[in-house]
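Trainee: Top to bottom, those sequences are chains A and B. All you need for the working numbering is the position in the first sequence, starting with 1, plus 31. All you need for the working numbering is the position in the second sequence, starting with 1, plus 13. Glycine included, C-beta positions come from ideal geometry on N, C-alpha and C. If you're wondering where the values come from, they're calculated on a predicted model, not measured in any experiment. Here you go, one structure.
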Amino acid sequence: MSGILVIAETADGVIAPISYEILGAARKLSSEGGGTVAAFVAGGEALAKDLIAHGADSAFAATNSALPDGAAEVYVPAVEAAIQQSGADIVLMGQTSLGRDLGPALAFRQKTAVAMDCVDLTIAGGRLRVTRSAYGGNARAEHTWKGSLQIATVKAKSYDPTEADSGRSGAVATIDAAGAARIKVLGTEKATTEGVKLEDAPVVVSGGRGLGDPGAFKMLEELAGLLKGAVGASRAACDLGWYPPAQQVGLTGKTVSPGLYIAVAISGASQHMAGMSGSKNIVAINKDGDANMVKVSKFAVVDDYKKVLPALIEEIKKLG
Amino acid sequence: MNIIVCVKQIPDPETPSASFRVDEAAKRVVPAQGIAPVVNPYDPQATEAALRLKDAAGEGKVTVISLGPDSARDAIKHALAMGADEGVLLNDPSFEGIDNFQTAVALAKAIQKVGPFDLILMGRAAADWDMGVVPTGVGEILGVPVVTVAKAIDRTGSGIKVERVLDDGFQTVEVGLPAIVSISNEFGEPRYPQLRQIMLAAKKTVQVWSAADIGLGGDETGAANRWLPLEALYVPKVESNVEIIEGETPEEKARTLAQKLRAAKLV
Chain A
32 MSGILVIAET
42 ADGVIAPISY
52 EILGAARKLS
62 SEGGGTVAAF
72 VAGGEALAKD
82 LIAHGADSAF
92 AATNSALPDG
102 AAEVYVPAVE
112 AAIQQSGADI
122 VLMGQTSLGR
132 DLGPALAFRQ
142 KTAVAMDCVD
152 LTIAGGRLRV
162 TRSAYGGNAR
172 AEHTWKGSLQ
182 IATVKAKSYD
192 PTEADSGRSG
202 AVATIDAAGA
212 ARIKVLGTEK
222 ATTEGVKLED
232 APVVVSGGRG
242 LGDPGAFKML
252 EELAGLLKGA
262 VGASRAACDL
272 GWYPPAQQVG
282 LTGKTVSPGL
292 YIAVAISGAS
302 QHMAGMSGSK
312 NIVAINKDGD
322 ANMVKVSKFA
332 VVDDYKKVLP
342 ALIEEIKKLG
Chain B
14 MNIIVCVKQI
24 PDPETPSASF
34 RVDEAAKRVV
44 PAQGIAPVVN
54 PYDPQATEAA
64 LRLKDAAGEG
74 KVTVISLGPD
84 SARDAIKHAL
94 AMGADEGVLL
104 NDPSFEGIDN
114 FQTAVALAKA
124 IQKVGPFDLI
134 LMGRAAADWD
144 MGVVPTGVGE
154 ILGVPVVTVA
164 KAIDRTGSGI
174 KVERVLDDGF
184 QTVEVGLPAI
194 VSISNEFGEP
204 RYPQLRQIML
214 AAKKTVQVWS
224 AADIGLGGDE
234 TGAANRWLPL
244 EALYVPKVES
254 NVEIIEGETP
264 EEKARTLAQK
274 LRAAKLV
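Pasting the structure below:
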C-alpha cells in the first residue's frame, strides 16, 4: 500500500500556513502516482476537517493533550499510529522547529532516512525523489531512499498553498497515542521585533559587509520604512555586530521570499542566497558588476550605494 | 562531569561561489585549491559549551570525537587547543561517502566505546550538508533525550536547563542526564586557542579507531549502504536576466530605478 501522510502544525490555534504548502506538495505527488493524501494534526476534529477542505483525502486528529506543546519525542508514537493506519509510505512535514526534530526522530525510530529542507519533490518509478540544497546553496543534491518509508521535510515557500474547498469530504479518525516526555517544556516566548516581521514583509531591504559601515543601516531602515518593508542583513554583517542576528537572512538565518528584495552591497555568497533566492524580484545595488547578486537580480545599479540610496529614497518620496 | 563533543571538518563555507566545483560523475565536491577545510562553524560553540560546563562542575573530562579523513585530526586538535582533554578520530576507508544516518550509527558506537557520559554536545548541523539529523539520530540509537538548537545550558539539581531557539522565539526546557544537546550560533563566541594551549594540545592523545574497532558491520558502512542514496550532485545553473540601470550619475540611475520599479508596480 502506498500513500502520503502530511504532518500539519498549528499556530495560534489555526493551521499554520506552511502546512497548506505541504498539502500542495502532497497533492502534486498524489497526481504523479504517490497515492492518497492523509493529514495529521495535534488538535481537534475541526482542525482535521480544515485539512480535508485544504486537500487531504482523510485526516487524523491527535487529541492527546501532551502533544501540542510537547517535544518531538512526544509526537513520535502518534505519528507512527497515523502511518500504520493510513498505510502511508511517504511522510511530509515542514522544515520548522517541530519538523527539524520530529523528522529525524521518526526516521531513526523507523530505521529509515529523512531528507531535510527539500525544495522539490517528485515521484519517479513509484518512489519519492527529492532535491535539496547543499554546501550553502552552492550545490543541489537529489536523493532517493533505501528504506521503504520515505520521510522528508519541505522548505517553506517551496510549494503554493492549497485553497480551501468546503465541498470536500473525507474520514476523520482520532489518535490518542503520545510518547513519554523526558524533556519538560518550561516555557515558550515569542521573539519581539519592532515594525514589520522580516519573514512576512512584502519588501526586504538588506545590507552586507560591503556597506563598510554599520551606520549605513539607518539608510536601509529609512528606505524600508518608505516601502513598508523590513530590514535584513547578511551573516557577514551580523557577525561584525552591525545588525541584530535575528534579522539575518541566509542559511543560518531567516528565509524570506518577498515581492521585492533590495540587496545593498551584498555580493551574493551562497550563505546569503540560501535565505532569499525565493524572492519574486531582486534589485542589486553594488559597486561590482560581476557580483553574483547582480547576476540573479531583475534590476541592478552598479555604483556606490552611498550616492545611490539617498537619491533613491528621494525619488521614491516624490513618487508618493 | 563527562562530556563528549562531536565535531566535523568541512569545506570552508565562505569559499567563493566561483571556486566551488562538483565532480558530477563521482557525486562529490572537488576541494577548492588553496582553501583549507575548516571546523564546522557551529562545533567550536559546542566545545565551548562543554568547557564551560566542566569548569562550572569543577571536575570531569571532555572527549572530542570526529569522523573523517586524516585531515579531520585538525578539527580535533582545535577542540583540544580550546581545552578539551582527549580526542578520538574515527577513520576508515569505508567511511568515504557515507551519509548522516550511517555517521550517527558510527558515532553512537564510538560513544559506547568511550564509556559512560553525562552529556553529548554537537553543533546544530554541519554547514556542508546542513541536515541537522545526527544529534537526534545518536539520541535515538542510544535511547537518550535530545534537545536541539540550544543558545544556553545551565546545570540544575539533577539535570540541565536549556534555552532553545525556535523559528519565532525561544523555549526553555529541562531534561535529566544523560542527554544530548545541539548548539546553535546564538550560543556566543567560542574561546580562541592560546599559544600555550596549542602547545599543550600537541601532547594530548588522539586515538584512531577504525570501523572494526567500534564494531561497525560491513553492511553498516560504505557509500553503497547509504540510507539516503545520493542520486545526483551538481551546481545549479544561474540564468541571468538582469537589466543594468544606465545613467551618467548615481542620482540619475536612482531616478531611473525608481521609475522602473513603479512601472513594474513594485513600489
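(1) Which residues does DSSP pair with Ile206 of chain A in a beta bridge?
(2) The beta strand (DSSP E) that contains Lys215 of chain A, what's its start and end?
(3) Below 8 Å between beta carbons is the criterion; list the residues of the stretch 113-136 of chain A that meet it against any residue of chain B, in chain order.
(4) Find the residues of chain A that neighbour Gln125 of chain B, judging by a C-beta separation of less than 7 Å, and give them in chain order.
(5) Which one or two residues does DSSP pair with Ser195 of chain B in a beta bridge?
(6) In chain order, what residues of the same chain have a beta carbon less than 7 Å from the beta carbon of Pro242 of chain B, not counting five sequence neighbours either side?
(7) Excluding the five sequence neighbours on either side, which residues of its own chain have a C-beta within less than 6 Å of the C-beta of Val280 of chain B, listed in chain order?
(8) Specify, as a first and last residue, the run of the beta strand (DSSP E) that Val118 of chain B falls within.
(9) Closer than 8 Å by C-beta to Ala84 of chain A: which residues in its own chain qualify, once you throw out the five before and the five after it? Chain order, please.
(10) Arg34 of chain B to Gly75 of chain A, Cα distance in whole Å?
(11) Please tell me whether Pro50 of chain B has its Cβ less than 7 Å away from any Cβ of chain A.
(12) Of all the options B:Ala236, B:Lys21, B:Val151, which has the alpha carbon lying nearest to the alpha carbon of Val101 of chain B?
(13) Can you find a CB in chain B that lies within less than 7 Å of the CB of Leu250 of chain A?
(14) Given a cut-off of 7 Å, decide if Ile78 of chain B and Ala123 of chain B are closer than it, judged by their beta-carbon atoms.
(15) Once the 5 residues before and after Ala214 of chain B are set aside, which same chain residues still bring their CB inside 7 Å of it?
(16) How should Gly170 of chain B be labelled, buried or exposed, when 16 other C-beta atoms within 10 angstroms of its C-beta is the threshold for buried?
(17) Could you tell me the boundaries of the beta strand (DSSP E) in which Met124 of chain A lies?
(18) So that I know if they touch, is there some Cβ in chain A lying closer than 7 Å to that of Glu233 of chain B?
(19) Among B:Arg86, B:Asp98, B:Ala139, B:Ala31, which has the Cα closest to the Cα of Gln210 of chain B?
(20) Assuming Pro233 of chain A and Pro289 of chain A make a contact with CB atoms under 8 Å, what is their CB distance in whole Å?
(21) State yes or no: is the beta carbon of Phe183 of chain B nearer than 7 Å to at least one beta carbon in chain A?
(22) What does Thr205 of chain A touch in chain B if you count any residue whose Cβ is under 8 Å from its own?
(23) So, does the CB of Arg140 of chain A fall closer than 7 Å to a CB anywhere in chain B?
(24) Looking at chain B, which residues of the stretch 275-290 of chain A have a Cβ within less than 8 Å of any of its Cβ atoms?
(25) Consider the Cβ of Val37 of chain A: report whether some Cβ of chain B lies at a distance smaller than 7 Å.
(26) I want to see whether chain B comes within less than 7 Å of Ile49 of chain A, judged by CB atoms only; does it?
(27) Using a Cβ-Cβ distance under 7 Å, would Leu208 of chain B count as near chain A?
(28) Measure the C-alpha to C-alpha separation of Val248 of chain B and Pro158 of chain B and round it to an integer number of angstroms.
(29) Let me know if Ser328 of chain A comes out buried or exposed under the rule of 16 or more other beta-carbons within 10 Å of its beta-carbon.
(30) Taking 6 Å as the limit between beta carbons, can you name the residues of its chain near Leu102 of chain A, skipping five residues before and five after?
(31) Can you give me the start and stop residues for the alpha helix (DSSP H) that His91 of chain B sits inside?
(32) Below 8 Å, how does it come out for the stretch 57-64 of chain B and the stretch 258-278 of chain B: are there three or more Cβ pairs, yes or no?
(33) So what does DSSP say about Lys285 of chain A, is it helix, strand or coil?
(34) Can you pull the chain A neighbours of Met144 of chain B, defined as C-beta to C-beta under 7 Å?
(35) Suppose you measure from the CA of Asp88 of chain A to the CA of Ala69 of chain A; what does that come to, to the nearest Å?
(36) Closer than 7 Å by beta-carbon distance: list the chain B residues that pair up with Ser301 of chain A, in chain order.
Mentor: Reading it off the structure:
(1) A:Ala93
(2) 214-221
(3) Thr127, Ser128, Arg131, Asp132, Gly134, Pro135, Ala136
(4) What Gln125 of chain B touches in chain A: nothing, since even the nearest Cβ is about 16 Å away.
(5) B:Met135
(6) none
(7) Leu274
(8) From DSSP, Val118 of chain B is part of no beta strand (DSSP E) but of the alpha helix (DSSP H) over 113-127.
(9) Ala195, Asp196, Ser197, Arg199
(10) 50 Å
(11) no
(12) B:Lys21
(13) In the sequence under discussion, the amino acid at residue 250 of chain A is Met, which differs from the Leu named in the question. Not an interface residue.
(14) yes
(15) Lys90, Leu93, Ala94
(16) exposed
(17) 121-125
(18) no
(19) B:Asp98
(20) 6 Å
(21) yes
(22) Within 8 Å Cβ-Cβ: nothing; Thr205 of chain A doesn't reach chain B, min ~27 Å.
(23) yes
(24) Pro276, Leu282, Thr283, Gly290
(25) no
(26) no
(27) no
(28) 37 Å
(29) buried
(30) First, the residue type needs correcting, since residue 102 of chain A is Ala and not Leu in the sequence shown. So the qualifying residues of the chain are Ile214.
(31) 86-95
(32) no
(33) strand
(34) Met147
(35) 6 Å
(36) Ser30
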